Every structure is written in structure tokens, then in C-alpha cells.
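Sequence lines, in order, name chains A, B, C and D. So for the first sequence, the UniProt record's numbering puts the first residue at 1; every next one is plus one. So for the second sequence, the UniProt record's numbering puts the first residue at 1; every next one is plus one. So for the third sequence, the UniProt record's numbering puts the first residue at 1; every next one is plus one. So for the fourth sequence, the UniProt record's numbering puts the first residue at 1; every next one is plus one. The C-beta atom is built at its ideal place from N, Cα and C for all residues, glycine as well. In this text, all values refer to a predicted model and were calculated from it rather than measured experimentally. Report on the structure given below.
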Amino acid sequence: MPDLTVKIGQLTLKNPVMPASGCFGYGEEYAPFFDLARLGAIVVKGTTAEPCAGNPPVRLAETPAGMLNAIGLQNPGVKAAKEKIRALENVGAPVIVNVAGHSVEQYRAVIAVLEEVEAAAAYEINISCPNVKAGGMAFGTDPAVVSALVKELRSLTDKTLIIKLSPNVTDIAGIAKAAEEGGADALSLINTLLGMAIDTHTKRPVLANLTGGLSGPAVKPVALRMVWQVTEAVNIPVIGMGGISSAQDAVEFLLAGATAVAIGAANFVNPTVCPETVQGIHRYLEEEGYSSVQEIVGLAKKEWQKTGDECGCVKK
Amino acid sequence: MPDLTVKIGQLTLKNPVMPASGCFGYGEEYAPFFDLARLGAIVVKGTTAEPCAGNPPVRLAETPAGMLNAIGLQNPGVKAAKEKIRALENVGAPVIVNVAGHSVEQYRAVIAVLEEVEAAAAYEINISCPNVKAGGMAFGTDPAVVSALVKELRSLTDKTLIIKLSPNVTDIAGIAKAAEEGGADALSLINTLLGMAIDTHTKRPVLANLTGGLSGPAVKPVALRMVWQVTEAVNIPVIGMGGISSAQDAVEFLLAGATAVAIGAANFVNPTVCPETVQGIHRYLEEEGYSSVQEIVGLAKKEWQKTGDECGCVKK
Amino acid sequence: MTKKMSLEIISHQQVGSQVRRLVLRGKTGARPGQFVQVAVGETHDPYLRRPISVHDCSEDSLTLLYRAAGRGTTLLSAKNAGDTVDIVGPLGNGFPHHKGPAVVVAGGIGAAPLYYLLRSLREAGQDVYFFYGARTKDELVMQKDYENLVSEYAEATDDGSAGYHGFVTELAQKAIAQREAHVFACGPEGMLRQVSAIAARYNRTCYVSLEARMACGVGACLGCVVPVGTSGEYKRVCVDGPVFAGREVFANA
Amino acid sequence: MTKKMSLEIISHQQVGSQVRRLVLRGKTGARPGQFVQVAVGETHDPYLRRPISVHDCSEDSLTLLYRAAGRGTTLLSAKNAGDTVDIVGPLGNGFPHHKGPAVVVAGGIGAAPLYYLLRSLREAGQDVYFFYGARTKDELVMQKDYENLVSEYAEATDDGSAGYHGFVTELAQKAIAQREAHVFACGPEGMLRQVSAIAARYNRTCYVSLEARMACGVGACLGCVVPVGTSGEYKRVCVDGPVFAGREVFANA
Ligand SMILES: Cc1cc2nc3c(=O)[nH]c(=O)nc-3n(C[C@H](O)[C@H](O)[C@H](O)COP(=O)(O)OP(=O)(O)OC[C@H]3O[C@@H](n4cnc5c(N)ncnc54)[C@H](O)[C@@H]3O)c2cc1C
Ligand SMILES: Cc1cc2nc3c(=O)[nH]c(=O)nc-3n(C[C@H](O)[C@H](O)[C@H](O)COP(=O)(O)OP(=O)(O)OC[C@H]3O[C@@H](n4cnc5c(N)ncnc54)[C@H](O)[C@@H]3O)c2cc1C
Ligand SMILES: Cc1cc2nc3c(=O)[nH]c(=O)nc-3n(C[C@H](O)[C@H](O)[C@H](O)COP(=O)(O)O)c2cc1C
Ligand SMILES: Cc1cc2nc3c(=O)[nH]c(=O)nc-3n(C[C@H](O)[C@H](O)[C@H](O)COP(=O)(O)O)c2cc1C
Ligand code: FES
Ligand code: FES
């Protein structure tokens, strides 16, 4: 029986698999398909200080091996979300609350309400949100802003603080280090890549919001690369995500250095993908003769010796 | 008979379709499949000052709806490449030479040789190459570096100067503006997204080079978004690429604002994709009642009125 | 109970120019107006499931009627009897039960879910007046099957190639005006909006079945929303619908 | 002439535990040792074509023998007689012509391209000594077909479940030592390296057919390279190979 438990901040998860925020509602939608207690954790939808209606439709577009979404943070606001989070109290898996905002005050307001809610075991801070003060550029694109935001939030809570990184940046490792310096307990990545779809019949963008977030198998190679780079750069655990659809995908992220994994869009395609992934990781560890999931975290780094340099003809 | 011609700098292309650099060798490999004169232009492999052996194998990995490559600029060096370019002189399509380097001197050296070669009608400068002086960070990630590099190259040539942008940046529009300010005649985008693959059996990265460039249909939504953003930001023509596999894909890029398109990995899957795309664009224009391809360049921008803001609940 | 199931194909026939009838073996307990999310292939491209209404359902079978138009449904159409199809369902609220006569209006492939509704209304002994419209004759499929279930049946085509020459809403208008009946409709949005407006005018309860692009189909992704009322609020087509009161989704109707 | 073609499947049979024999209708003019790039599906996933050797070729047919192991080949294996398969080919250099007797060594599915080679050597009246190895009996397929074409035939399995208990290179070693013959081999890299070394020791010309991950298959992408010689230079398996002189690719052999 391999040991599947992993630690993320103060949380001990019974296994390293959780749904990704925004892809699992508040859990109730997937309860008909399997016992939610089989999850390592439950990550709920991005929660804002005030209720948010979200973007107008069309909000979805299918893309090759993936999808675009432009939901736009639709959520009932933290006061209503609190009740839904409390309803998950005895579900048998810790609840991680994804927190969104367009200003530091908005993040602070969400945490202020949830500090009292015992069922909210950890915060996952979505820093891909457009920052109103910075003219709409996302919080997560500037290391100085990230570090300041994380410091501020760190001062507000003793709960596990996870910072969720945007992949739409030049230097993901730099952003990750800034979050670590700010006091994050863990990082999660990647959020969606910014994309677009155009309809050649109507000659208009498909999404009412123009752009949307790309996720699904298409983004897996980018996500895996970023998880590798970030786990090289920081000493806090990383929750890896982006295109995971099977246990094999999940194992790739663990080998690359992720301590746990989250599954997003794949839930839509296969509502039982999360428990199947737990089982599959279990089987992989058994077949390969490992006694715990921790043994394979980052293993590809140890196995790997770069045989060349970045380009065969660079002479540094 | 719709007019398919487009202008890129001083070049007038008979149609807006060309193969992407590195995906079409020096043309000869695809000559058995169709008459190369049917192409708007031929873009040849990245050329460096000295011969370059490239990266060790494994250089390729298949990914969902795409592929990773880590060829590493293998090419015979500009002196040998010159002969291959001359061999294309009478092929019936202008030749665009992709130029790569790890320092400003290296780019300069390539151009110095090619200035004498009439068959080299234009340069496409690949600024995704790791910059030795900047510790391996790519040239294309810093607007100041881009602008300085382009200025330098501009002073060396009167030929059409196309700058090829890396998508691995926070602010593609800012980089594009820097290239325009530096004196570029046109831009091409996107180069590949940096990605990685891990083999769960060997527990090692698949590519000997660790990371590779992701291309193919998987990246199309990201490419399309960047083409939209860049054509909003600059006044020079853009050659759009990234995941184009059909005329419909090509039309999406034109509608988004690209003046021409390039097709990369899809040549590997369908060696006649380029001429089929030319035909398909022709058919689209006829069916939709346009008399020239220029009429649809950027049309989606005109058709589109943003119905919301970036997030339904941002109050700026 | 909503489940993920792999069902064997009993038959898969072409019943119209682009329309296929897919009969699957299995007990789903689906109600009229519900739908299933169909996996059209085995790979990551196409990526998402396709929402398809329940055309009919029995103790041990589930029938779908769909138009093989785009990439995913075309891929689905290549499957043969004996192959299996992976579905998630039944999903959605379905049509509500109401006593008394019903006016049922179908536009094009929107007829698909109405067959099961007609059959259950018929079994409950209710009078049904059914109006079946399409752009052209070719798009009317399996007309006899519908006709056999109803008290009154009429067709309309935009081009006059079959039945009444004009919109099906014009036929429906008369029936709605004449009869004290509940109205049910499925078809293109423009048609549904009009049917809702007509029903409102005559003060009839009216239910429309909507379409929206879906990812999860179970209410989790918030991708399939429609605006309801006039407050700027959104509801999810997959779980709050696909059947809505006409007044709710066509506020100005 | 290298072309993109859509060929009809004449037959598609399982001939071993995971091995399928695919016969396509069409004139390709392929030579022994060449390969084709096969489109395994119709969508973007799997994305790349699969390189498969020409197992046999006639005026109006092309036969492939492949192991349905991974995602792409498994998808291919679902195609039936009457369906079409899209290929690009013939590609690669093929085996060179040499007069005189030949020692031919096959490892596992590496036997596939050697069948056509054996047939053409036989038709040219050349003596052929064929050694067929695999890990276990199950991986030896269509043995009779090979046996019928050659002067000497022997099998080897790593586990002793059929023929000689040991590596096929041990059988080949004796034959190469004894006979003044050219050597041809296809199979796992380790085996090819050894066969090259043995041939070098006895000063025989030796040709090996290599595998590499490919994208284009036509020499354009530079993805499929192998190091040649000792200079750090690379050659493309798809156009400079797949057949190489043993000495060239196993420099220290
Ligand atoms: C609740 C519901 C019930 C439906 N019932 C039926 C039915 O019984 N018979 C039938 O023929 N069709 C039905 N549809 C429409 C059907 O879902 C679409 O025709 C189908 O998804 C198109 O897929 P494609 O592969 O043909 O097209 P593609 O162009 O490949 O589709 C691309 C993407 O857009 C989505 N999409 C495209 N058109 C529609 C549409 N009209 N509605 C929703 N999503 C769309 C697809 O699901 C997919 O995600 C129903 C839709 C909904 C929402
Ligand atoms: C010139 C040449 C001739 C070949 N001839 C035959 C043959 O006659 N019969 C046969 O069974 N096999 C042959 N192979 C090997 C065959 O190409 C691979 O087994 C096949 O590509 C694996 O695809 P998959 O879908 O099963 O695996 P996947 O795991 O889905 O493959 C993923 C990717 O890796 C590549 N890949 C995986 N394994 C190999 C491999 N061993 N060689 C090259 N690429 C690989 C695939 O092409 C694909 O791009 C040949 C290979 C080459 C290069
Ligand atoms: C429909 C949808 C809604 C999402 N909503 C959120 C959200 O509210 N907050 C957040 O941090 N990430 C959100 N994400 C991003 C996912 O949590 C995840 O980071 C991303 O989708 C990559 O994983 P995947 O490829 O497995 O989907 C959303 C993704 C999707 C597809
Ligand atoms: C095998 C391969 C080699 C490439 N080599 C080069 C190169 O030498 N120079 C360059 O600027 N881009 C190179 N590229 C990037 C392509 O030109 C193109 O920008 C990218 O692949 C996106 O297009 P696609 O999705 O159509 O492939 C290469 C891409 C591939 C797949
Ligand atoms: S499709 Fe996901 S909420 Fe309706
Ligand atoms: S596969 Fe492209 S060069 Fe060989």
C-alpha cells in the first residue's frame, strides 16, 4: 500500500489529487458521480467580495484538445459562498477557497469573512485577475506587486496561503520567487493561457468577452515546463495543473516537481477523472515499486542530466 | 477572381500563404508535392553565422494536438545556406531568410553575407534565440533590447526586415511596438511556446534539450489572441502563424488582423497544406463575396463591439 | 440518477439528409426534455462532449436524433451498431407536467426532444396540437412518427417545399389563439422568442427548450448561461434548464 | 515518386498478439527498406503521422506490418477493409543492392521491412540466411512466410520459448563468421549495434535500418537525426536513412 499523503502548508492531504478552481462548482455537482471524500482536497470556485454576475454569453469555445472559457468570476460573493463552503464541512476532504479580486482591498475583504469559517481550510489566491489600479494588467505579472500582495494577505491569516500563478508572463520563476518571499505556503500553477477564437461565418470573435482562458490537454506541455522551472526556483510545495486528464498526466507533473495536482477541464469530459487519477497514481507507485508518492516528486529532475545546452551552437 | 495579393514591406506576394521557418527546409523537400511557385513566399530555415550542429536527439515529442521540437538551429551556416537560397532564385516565389543568432554580431554577420544575395528578398529575424550576453534570456523578451537590435539591423539593410516575435512574454504588444519603433517593416508571430514532455516509464524528460517549442493546433488560440493584440498596437503588417492547418484557420488569422499567414507543423501532417490553404482562402472570398483578401484583413475587429469588460464585475 | 455510462449501439440510421437516429441499449430513467452529454470520439480532439436531447426513452433503450453538422457530430455518425457510446446523463430539468391540451411547436432539429414529450402527453391521454416547421422539406424528418401521436398535425416550410408556406409560428399563432392550452416549443432562438411572445399575448403558460454551448453539462463550469429576467442575472441552461418558462428568458416577450 | 495518397484497405488482419498486417490497394513503387508516413486518425489528436516500413509491395498493393502498441497505432488498428488510409510515401533510401549471399538479422517487429528485402533477394537468386529473434515466442509472427523465402532460417528467443535460447546476435555471429556475405539488420538499437560490431570484426558490409521519432518524414524538420561518425555531425533518418552503413552510425562498432 503506497502512501499517497502529501503536505501543502498546514494541510495533510490523503492523496495529491484535487479538482481545479472553477471546474468543480462547490462540489455538489460532482457528488452524484463519486464520494467527494476520495479527493485530496476540494477547491471551490473563485470567490469575490461582492456577488459577480460574470461575463455575458458566449462564454465557451472548443479548441483543438482544449477549450476557452470567459466565465468572468461569476460567483455569489463571499457572504453567500460562506454557506456553500460550510456545507462541505463534513464531506471528508479539506476545502481550499479560491479568492479573486481586482484590488488588494477586495482580496482582503474575502479573507476577512472566511477567517471565521472553519471549513475554509486554505486560501488559493488567484492573481490572474485584472488589477484595476494597474490599468487592468493582471496582478500576477509583476514580481513587486505579487510580493506586496502576498505580504499583505499573509499578515491577515494563519491559514495555509496558496498563490495561484498566471502563465501569461515572461518569467514565471521570478513571479514564483516573489510569492515565496511574500510568505506564501505553496504555489499553484498554471492558470489559463490567454487565448481567442474567431468564427469565420459571423466574422466575429466567438467569446462575448473577446479573449478567454485556454485550458485542457493542449496546454499541458507549457504547464509542465512551468512547474519544472518553478520547482527549481522555490522551496515551497507546488500544486501542478494544466491539461491533466489521466493518472499518467498527473504522474508527469509529480515527476516534474509538483507535490500535488489539480484537474480542471477534464472533469467536464470525464466526471470521474479525479478518483480515477487517484487510483492510477496508486497503481503506478505499486507497479514501479515506490512506497510513497513523495518518492516520485521531482524524480525527473534527479534522473535528468542535460546533455546539451539551450541550443547546440550557443557558445557562452 | 478575388485578388489574393498582399504587401509585406517591399514584397508583393501573389497570395498571403507561406510556410513557416524551420518547417519547410529550403523548399526542395516539398517540391515533389506541389509547384513551389504556388506559395506567396518561401521562408527558409533559421540561418546562423557559423554552421550549427543543433541539439542531440531526442528532438521531437508529440503532444495533444501539437508537437514539441528542440532542433536547436541546426543549419549549415550562412555561407553554405547562401547556395541553397540561390538555388531558389527562379522558383517563382520570393525567399524570406530566417536569421538567428546569440549576439548582435552574429545577426550582423548573417546579414552581411546575404546582402549580396539577390535571391534573399527579405529577412525574418528570429528574436526568440537565447541572448548570450543577457545570460541566455531570449532577445525577444525585453522591449529595450528588441528596439536596439532592430535599429542596428535596420541600419545594415534596405531589404524588407521582418521581426519574428516570441510568444513567451507578458506583454506581446509592448515588444511589437519596440520592434516597430526600431524600424521593422513587418512582424511575424508567433514563434513556439516553451514546453516540456516527461516520459513516465523512463521518468526523464523526453527531449534531450529538456524544453522544446510547442506548435500545432494546440497553440492556435494563443497565437490568434496575440495577432489581435499586436495588430491593435502597431501599424506595420503582421504575418500570423501558430497552429494553422486549413484555410479556415488561415482566415481566422486574417480576420484577426494578419496581412499574411505562415504554416508550420501542419506541413508535416499534410505536405500539400500550403497550396490547399491558398485555394481555400480563394474559395472563402468568392463564397462570401469579397473581391480581395485585403478586405477581410482585420475584419473581425470592425465587426466586433466588446459587450462586457474584462471581467463582468470589474468596476474601474 | 445522473451517471457516466457506456452504452451499446442497437441501431444507428440515417433518417434525413444530415440527420441520424441513434438507439442505445441501457436504462437511463430519462424524462422528456432532458438531455445527455455524448462523447463523440476517443481522443482529445474534439475535446468536449456534445449535448443531445433525449428523443425517446424506454425501460432498456435511449434514442437520440441529431444533425451531423460539425466536426464532433460527424465523428459520432461514423459509429456502428455494436460499438459503444459513452454518455453522461440524464441531465437537465425536462418539461414540467401539466394537465390538459398542449400546443407543441418544433423548428428543425428542435423537434428531437419533442417526440418523447408527445409520446408522454399521448400516454397521459392529453390532446396535442403539433406544428412542425423547417426551412425546407429536407429538414423535416420522421414526420409520420410525430403525426401518429397527435390530435392535430401541420407542417410549415420557409420556402413552401412542404406544408404551409411560411413560418411555423404563423400556424402556431392560430392554434394558441384558439385553444386554451399549454405551449411547448423547441427550435431556433428567434422562433422560441416569437412563440413566447404569442403565448404571453394569449396568457398561456409556455415552455421553451434552449440551446447553449456547454462544457460540463452538470452546472459546475458556468459556461452555458442565459440572461434571465431583466436584472442582468444569469441561469445555467444545463441544470436550471434546458427548459425555461418563455417569460423568464425572453423578458420582453 | 513520393506522394500523398489515400489508399483503400484490402485487408487488415491480426497476425500476432499485438501485430497487424495491413494491405492497401495502390501503386507506390516502393523499394525494400523504404517506409511510409501513415495518418492514424482524422483529427488533430494524435497529431503526427506514424512511420511504418514497407513490409511488401506489388504493382497494385502495399503491405504494412505493425505493432499496435501506442495511441496512434491502436487507433489505426480500428480501421476496416473498405476504409481508406492516408499515407505519404514511399520515403527513405531503402536497402542498397548488392550481389551475393546475405545474412539478414531481425529483432522483433524489426522483421517487418526485411520481408520485402528477402523477397527481392530471393527473386534475384541470392542466397539468404535469415535469423529471427524476439524476447518471447509470441513476438515472432508470420515465421513461415519468412522461412519459405530463405536458404537458412533460425529463430532465437531471449526466454527460450521458441528456437535458440539466447540472443539472435549469437546465431548471427556464427553465420557472419562462416559466410562471405553482406549483412542486413533491423531491430532494437542494442541488437543493431552488436550486429554492426560483429560485421565489422569479420569485415562484412553491414546495413542497419534505424528508427527515430519523426515529424515530416521528408527531411524538412531535422527532427529525426542520429549522430554519425565521431565528428558530432547529424544525419536525418528519414531521408539519409533509414538504412545506414553500420559503421557510420555505430562509430565504435
Ligand atoms: C440541451 C441541448 C440539447 C440539444 N439537443 C440536440 C438534439 O437532440 N439534436 C441535435 O441535433 N442537436 C441538439 N443540440 C445541439 C447540439 O448540441 C449541437 O448541434 C452540437 O453540439 C454541435 O456539435 P458539432 O460537433 O456538430 O459542431 P462543432 O462545430 O464541432 O461544435 C463545436 C462546439 O460548439 C458547440 N456547439 C455548436 N453548435 C451548438 C449548438 N447549436 N448548441 C450547443 N452547442 C453547440 C459544440 O457542442 C462544441 O462544443 C442540443 C443542444 C443543447 C444545448
Ligand atoms: C523508418 C521507420 C520504420 C518503422 N517501421 C515500423 C514497422 O514496419 N512496423 C512497426 O510496428 N513499427 C515501425 N516503426 C516504429 C513505429 O513508427 C512506432 O512504433 C510508432 O510510431 C509508434 O506509434 P504509436 O502510436 O504506437 O505510439 P505513441 O506512443 O502514440 O507514439 C507517440 C509518438 O512517438 C513516436 N514513436 C513512438 N515510438 C516510436 C518508435 N519506435 N519509432 C519512431 N517513432 C516512435 C510516434 O511516431 C509518435 O510521434 C518504424 C519507425 C521508423 C522510424
Ligand atoms: C470553466 C473554468 C473556470 C475557471 N475558473 C477559475 C477560477 O474561478 N479561479 C481560478 O483560479 N482558476 C479558474 N480556472 C482555471 C483552472 O482552475 C485551471 O487553473 C486551468 O483550467 C488549467 O487546468 P486544466 O487544463 O486542467 O483545466 C477555470 C478554468 C475553467 C476551465
Ligand atoms: C521543427 C520546427 C522547426 C522550427 N524552426 C524555426 C526556425 O529555425 N526559426 C524560426 O523562427 N522558427 C522556427 N520554428 C517555428 C515556426 O516557424 C512557427 O513559428 C511555429 O512552429 C508556429 O507555427 P505552427 O504552429 O504552424 O508550427 C520551427 C518550428 C518547428 C515545428
Ligand atoms: S455546461 Fe457547465 S454549467 Fe452548464
Ligand atoms: S522527420 Fe523531419 S527531417 Fe526527418
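Cross-strand partners of residue i (DSSP beta bridge)
i	result
B/K238	In the sequence under discussion, the amino acid at residue 238 of chain B is Val, which differs from the Lys named in the question. DSSP lists B/L187 as partners of B/V238.
D/R236	D/V225
B/M18	B/A262
C/E8	C/R25 and C/T84
residue 318 of chain A	Nothing about residue 318 of chain A can be reported from this structure: the residues present for chain A run from 1 to 316 only.
A/T63	A/G66
D/S67	This sequence places Arg at residue 67 of chain D; Ser is not what is there. D/V19.
D/F130	D/V104 and D/Y153
C/S61	C/R25 and C/S58
B/D3	B/S292
D/V38	D/R50 and D/I87
residue 254 of chain D	Residue 254 of chain D lies beyond the stretch modelled for chain D, which goes from 1 to 253, so this question has no answer here.
Under 8 Å from the C-beta of residue i: neighbouring residues of chain F
i	result
D/D45	Any reference to chain F falls outside this structure, whose protein chains are A, B, C and D.
For residue i, three-class secondary structure by DSSP
i	result
D/K3	strand
C/Y47	coil
A/T48	coil
D/Y207	strand
A/N98	strand
A/Q74	coil
C/R122	helix
A/I163	strand
B/A109	helix
B/V206	coil
A/G195	strand
C/L76	helix
A/L13	strand
A/V43	strand
B/T211	strand
B/I244	coil
Test item: CB-CB of residue i and residue j under 7 Å
i	j	result
B/T160	B/Q10	yes
C/P113	C/S151	no
C/V183	C/A199	yes
C/Q194	C/T169	yes
A/R59	A/A70	yes
B/M196	A/R154	no
A/T277	A/V17	yes
A/G46	A/S21	yes
A/A223	A/G242	yes
Same chain, Cβ closer than 8 Å to residue i, five either side skipped, listed in chain order
i	result
B/T231	V238, A256, G257, A258, G298 and K301
A/S103	N131, V132 and K133
Close-in-space but distant-in-sequence residues of the same chain around residue i (CB under 7 Å, 5 per side omitted)
i	result
A/Y284	A247 and V251
D/G41	L75
A/C129	A100, G101, H102, A138 and F139
A/H282	P2 and L4
Chain-order list of residues whose beta-carbon lies under 6 Å from that of residue i (same chain, five-residue window excluded)
i	result
D/R135	D158
Closer than 7 Å is what we want: which residues have a beta carbon that near any heavy atom of ligand 5? List them in chain order. A/F268, C/M214, C/A215, C/C216, C/G217, C/V218, C/G219, C/A220, C/C221, C/L222, C/G223, C/C224, C/R236, C/V237, C/C238 and C/V239
For ligand 2, which residues count as neighbours when the test is a C-beta closer than 5 Å to any heavy atom? B/E62, D/F35, D/L48, D/R50, D/P51, D/I52, D/S53, D/Y66, D/R67, D/A69, D/G70, D/R71, D/G72, D/T73, D/I109, D/A112, D/E211, D/R213 and D/P242
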